[in-house]
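S.K.: In our numbering, each residue carries its 1-based index in the sequence shown increased by 12.
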Amino acid sequence: MIYDITKSTCPVEMPHLGRGLEALSLLLSPTSKDMHPVLFPMEFPIWGAHISDAEFQYPSGQWLELCGQQAVQVAASADNKGQLGLMVEGANRDYRAEDEAEMKKYNQYARNYKKRSQTKDRPDEVFPLLHILPANTTLPGFLRAQMKAQENGGITTFIDVKEIEQLDALCGSHKKVSEMCRLIYDREIYSALRATVDGVSGICLLRTNITASATPGRARNFFKNNLHDGTLGRMVFSYKPRSSRSGRIPRLGNKLDEDFYEQMDKYLSRLDSCKGRYVIKPLNKLIQSISDDLAEFADLTDNDTLWSYGKRSLISAWKAGCIMWALNEQSWSRGMADAVEYLVWHDLWSKWQVMGDLLKEGDTSTKEVAKSGPANMLDALVGPTFNEQQLDALREKLGKPIGAATKKQLSVWTARGLIEYSNQTGLYSKTEKYLKGKQ
Numbered sequence: 013m014i015y016d017i018t019k020s021t022c023p024v025e026m027p028h029l030g031r032g033l034e035a036l037s038l039l040l041s042p043t044s045k046d047m048h049p050v051l052f053p054m055e056f057p058i059w060g061a062h063i064s065d066a067e068f069q070y071p072s073g074q075w076l077e078l079c080g081q082q083a084v085q086v087a088a089s090a091d092n093k094g095q096l097g098l099m100v101e102g103a104n105r106d107y108r109a110e111d112e113a114e115m116k117k118y119n120q121y122a123r124n125y126k127k128r129s130q131t132k133d134r135p136d137e138v139f140p141l142l143h144i145l146p147a148n149t150t151l152p153g154f155l156r157a158q159m160k161a162q163e164n165g166g167i168t169t170f171i172d173v174k175e176i177e178q179l180d181a182l183c184g185s186h187k188k189v190s191e192m193c194r195l196i197y198d199r200e201i202y203s204a205l206r207a208t209v210d211g212v213s214g215i216c217l218l219r220t221n222i223t224a225s226a227t228p229g230r231a232r233n234f235f236k237n238n239l240h241d242g243t244l245g246r247m248v249f250s251y252k253p254r255s256s257r258s259g260r261i262p263r264l265g266n267k268l269d270e271d272f273y274e275q276m277d278k279y280l281s282r283l284d285s286c287k288g289r290y291v292i293k294p295l296n297k298l299i300q301s302i303s304d305d306l307a308e309f310a311d312l313t314d315n316d317t318l319w320s321y322g323k324r325s326l327i328s329a330w331k332a333g334c335i336m337w338a339l340n341e342q343s344w345s346r347g348m349a350d351a352v353e354y355l356v357w358h359d360l361w362s363k364w365q366v367m368g369d370l371l372k373e374g375d376t377s378t379k380e381v382a383k384s385g386p387a388n389m390l391d392a393l394v395g396p397t398f399n400e401q402q403l404d405a406l407r408e409k410l411g412k413p414i415g416a417a418t419k420k421q422l423s424v425w426t427a428r429g430l431i432e433y434s435n436q437t438g439l440y441s442k443t444e445k446y447l448k449g450k451q
C-alpha cells in the first residue's frame, strides 16, 4: 500500500483492539475514547518495562531487548495529555508498592547517615532499587538507579516525564539530550567516572523506557537541533490534531478498581515469565513487507530523510509487536499485524505533521508544515502517462537535481513495477500495480 503522510489525518486508522489484543484494550479502558489513537502507541514503553532477561531476533539477525523504547505524545495544551498517567498507574501497581518499600529503607538510611556521618559506625551505603524513576530524576541519580538495576539482574526501569523539558535534567543538560537518548535507545554501556568520593562512578547498561508529553510548539523547539543525528528518529511520536470546539467534555472510561487490577495482573504475569530468546517469524515477515512499502514510498518521494526515519519506526513497531505476542500467551494474530502497521505509519505521519517543514531537505525556513512533507512525485504527475521532461520540471520545482537524477528515478520506478515505458510513444505510464496500491 502507498500512504500519504502529508494529509491532516493519519493514513492508517487505529485498528480495532479485538481478539489477541485484549490487554491493550484493557490498559486504554480508563481513558476517554478521543485519546485512544494518541495513547495507543504510548502503551508499549510501559508494557516493555515489565520484560527483562529476554531477547528477540530482529529480521536483520540482531538479538534485541525491549528496553530503550521512547515515546512522546504531542497534543495542544489542555487536550487531555494527562490521561497518560492513568495508563502508567494502571500497569504499575505492583512496582509502585515495591518502590515505596525501597524508598522507606533509603529514607531510614539517610536519617541514620546524617546522625552518624562523622562516626566510625556510619551505616553502609544503601541505594533504592526502583522500577519507576521520578520524573525529576537527575543524571547522577539516573546512573545510580541503572547501576542498581544492573546489580539485580539487569531489570528494565521506566520513567514518565510529564513535560519533555524534564529530559534535560535526566540527561545532564539540553546539549546532552541527544547523546543520552541515543545511548538509551541502543542499550549502550555508560561509563561514569568522577574524581571525588561524592561523584558517581561505575559502568552500567542503560536499560530504561521513557514516555513524555509535549505541545507541538515545545516539541519543535526541543528537537529542532537534532533532526538528522538519529535522536528524533529513535523517539516514537504520537500526534493528536487540535480538537474541534465542541462543548462536549470527553468522558473517562473504567475505574482503576480491583476488577481492573485483577485482569491486569494476569497479563503482567505473562510478561514477567517471558525469559530467554525468541524468534517471532510472522512478525519478522510482516516487518520485511512494511520495509518494502517504506522503500517504495521513499523512492516515490525521492526522500532519504523519510527512509532514514522509517527504518527506526520499523524497529519501534517491531518491539511493540514482540510485546503484543508476549501478552497474547506467545501467539500471533491478524489484529497484531494491523496494529504494527498502524504504529509505523502513525509515527511517521506524526513526525511530519509536527516537524514537517524542519525535516524538508535543504530548507528549514518554510512556515507551512504540512505542505513540506515528502511529495509523491508519481502521484503529482497528473494523468496516466508522462515524459521525462515533465518529471524534470517537477523535480526542479521541488528543488531536486535533474538530468541524471531524473533518469535514475525513472529507472528505480520501472524496476519496482510502478511505471512502464513505451518505445512507440516515448511516454511512461503508471502501472496497474501502482494504481491499485493507492486504492
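Cβ coordinates follow ideal geometry from the N, Cα and C atoms, glycine included.
1) Below 8 Å on the Cβ atoms is my contact criterion, and I expect isoleucine 167 with valine 84 to pass it. Report the Cβ-Cβ distance as a whole number of Å.
2) Okay, do the segment 31–49 and the segment 64–72 touch, 3+ Cβ pairs below 8 Å being the bar?
3) Compute the distance between the beta-carbons of leucine 78 and lysine 372, then report whether it is under 9 Å.
4) Among residues of its own chain, excluding the 5 on either side of lysine 117, which ones have a beta-carbon nearer than 8 Å to its beta-carbon?
5) Where does lysine 93 land, buried or exposed, given buried means 16+ other C-beta within 10 angstroms?
6) Which of helix, strand or coil does DSSP assign to glycine 452?
7) Using a beta-carbon distance below 9 Å, is threonine 168 in contact with chain B?
8) Ignore the nearest five residues each way along the sequence and tell me which others in tryptophan 319's own chain have a CB closer than 8 Å to its CB.
9) So what does tryptophan 75 bridge to, in DSSP terms?
10) Starting from the Cα of leucine 268, find the closest Cα among Gly97, Phe249, Leu430 and Trp59 and give me that residue.
11) Taking the alpha-carbon positions, what's the glycine 102 to methionine 336 distance?
12) Tell me, please, whether the segment 274–281 touches the segment 404–417 by the rule of three or more beta-carbon pairs shorter than 8 Å.
13) Within the present structure, is the beta-carbon of isoleucine 431 separated from the nearest heavy atom of the ligand GTP by less than 8 Å?
14) Please identify the residue among Pro228, Lys236 and Ser434 whose C-alpha is closest to the C-alpha of lysine 187.
15) Would you kindly work out how many angstroms separate the C-alpha atoms of glycine 322 and proline 23, rounded to a whole number?
16) Classify leucine 244 as buried or exposed, calling it buried when 16 or more other Cβ atoms lie within 10 Å of its own Cβ.
17) Do you know whose CA, among Asn164, Lys419, Asp136 and Lys174, lies nearest threonine 149's CA?
18) Tell me the DSSP secondary structure of asparagine 124 in three-state form.
19) Can you give me the Cβ contacts of glutamate 200 inside the same chain, cut-off strictly under 7 Å, excluding the 5 residues immediately before and after it?
20) State the DSSP-derived secondary structure class of phenylalanine 139, mapped to helix, strand or coil.
21) Tell me which residue opens and which closes the alpha helix (DSSP H) that cysteine 334 is part of.
22) For lysine 442, is the classification buried or exposed, using 16 other Cβ atoms within 10 angstroms of its Cβ as the cut-off for buried?
23) What did DSSP end up calling serine 64 once you bin it into helix, strand or coil?
24) How far does the alpha helix (DSSP H) with alanine 226 in it reach, from first residue to last?
25) So the candidates are Ala351, Leu360 and Leu298; which of them puts its Cα closest to the Cα of asparagine 315?
26) Scan the segment 345–378 and note each continuous alpha helix (DSSP H) run of 4 residues or more that stays entirely inside, going in chain order.
27) Would you give the residue range spanned by the alpha helix (DSSP H) that serine 37 belongs to?
28) Are the beta-carbon atoms belonging to leucine 151 and threonine 169 less than 9 Å from one another?
29) Who are the near neighbours of alanine 181 in its chain, counting only those whose CB is closer than 8 Å to its CB and skipping five residues on each side?
30) If you follow the beta strand (DSSP E) that glycine 288 is in, where does it begin and where does it stop?
31) Is it right to say methionine 115 is buried, meaning 16 or more other beta carbons lie within 10 angstroms of its own, or is it exposed?
32) Identify the continuous beta strand (DSSP E) that holds isoleucine 17 and give its terminal residues.
M.R.: Per the coordinate set shown:
1) As a position in the sequence shown, residue 167 is number 155, starting the count at 1. As a position in the sequence shown, residue 84 is number 72, starting the count at 1. Actually they do not touch by this definition, with Cβ atoms about 24 Å apart.
2) no
3) Indexing the sequence shown from 1 puts residue 78 at position 66. Indexing the sequence shown from 1 puts residue 372 at position 360. Going by C-beta atoms, leucine 78 is not nearer than 9 Å to lysine 372.
4) Here residue 117 refers to the residue found at position 105 when the sequence shown is read from its first residue. If we look at lysine 117 and ignore the five residues flanking it on each side, its Cβ neighbours are Val138 and Pro140.
5) As a working note, residue 93 is residue 81 in the sequence shown. By the 10 Å Cβ count, lysine 93 comes out buried.
6) No answer is possible for residue 452: the residues shown for the chain start at 13 and end at 451.
7) In the structure shown, chain B cannot be found, because there is only a single protein chain.
8) Residue numbering aside, residue 319 sits at position 307 when the sequence shown is read from its first letter. Same-chain partners within the cutoff: Leu306, Ala307 and Ala310.
9) As a working mapping, residue 75 is identified with position 63 in the sequence shown. According to DSSP, which records beta bridges pairwise, tryptophan 75 is partnered with Gln69.
10) Numbered from 1 along the sequence shown, position 256 holds the residue referred to as residue 268. The shortest Cα separation from leucine 268 among Gly97, Phe249, Leu430 and Trp59 belongs to Gly97.
11) Mapped onto the sequence shown, residue 102 falls at position 90. Mapped onto the sequence shown, residue 336 falls at position 324. Cα to Cα, glycine 102 sits roughly 17 Å from methionine 336.
12) no
13) Because no ligand of any kind appears in the structure shown, any question about the ligand GTP cannot be addressed here.
14) By 1-based counting over the sequence shown, the position of residue 187 is 175. Each of Pro228, Lys236 and Ser434 was checked against the Cα of lysine 187, and the nearest Cα belongs to Lys236.
15) Against the sequence shown, residue 322 aligns to sequence position 310. Against the sequence shown, residue 23 aligns to sequence position 11. C-alpha separation (whole angstroms): 15 Å.
16) Locating residue 244 in the sequence shown gives position 232, counting from the first residue. With a 10 Å radius around the Cβ and a threshold of 16 neighbouring Cβ atoms, leucine 244 comes out buried.
17) Working through the sequence shown from its first residue, we reach residue 149 at position 137. It is Lys174.
18) By one-based count along the sequence shown, residue 124 stands at place 112. It is helical.
19) Residue 200 sits at position 188 when you count from the first residue of the sequence shown. So the list reads Leu218, once near-sequence residues are dropped.
20) As a first step, residue 139 must be located in the sequence shown, where it is residue number 127. Coil.
21) As a position in the sequence shown, residue 334 is number 322, starting the count at 1. Looking at the DSSP string, the run of the alpha helix (DSSP H) that includes cysteine 334 is 316–339.
22) Start at 1 with the first residue of the sequence shown, and residue 442 comes out as number 430. With 16 or more other Cβ atoms within 10 Å, it is buried.
23) The residue you call residue 64 lines up with position 52 of the sequence shown. Looking at serine 64 - three-state DSSP - the assignment turns out to be coil, as it is neither helix nor strand.
24) Reading the sequence shown from its first residue, position 214 is the one you call residue 226. First-last for alanine 226: 220–226, but that is the beta strand (DSSP E), not the alpha helix (DSSP H).
25) Within the sequence shown, residue 315 is the residue found at index 303, counting from 1. The residue with the shortest Cα to Cα distance from asparagine 315 is Leu360.
26) 346–371
27) What you label residue 37 is simply residue 25 of the sequence shown in a count that begins at 1. Start and end: 34–40.
28) Residue mapping note: residue 151 aligns to position 139 of the sequence shown, counting from 1. Residue mapping note: residue 169 aligns to position 157 of the sequence shown, counting from 1. Not in contact: leucine 151 and threonine 169 (Cβ atoms no closer than 9 Å).
29) Taking the first residue of the sequence shown as position 1, residue 181 is located at position 169. Asn148, Thr149, Thr150 and Leu151, listed in sequence order.
30) In the sequence shown, the residue the question calls residue 288 occupies position 276. First-last of the beta strand (DSSP E) with glycine 288: 288–290.
31) Translated into positions along the sequence shown, residue 115 becomes position 103. With fewer than 16 other Cβ atoms within 10 Å, it is exposed.
32) The residue you call residue 17 lines up with position 5 of the sequence shown. Here isoleucine 17 belongs to no beta strand (DSSP E), and DSSP marks it neither H nor E.
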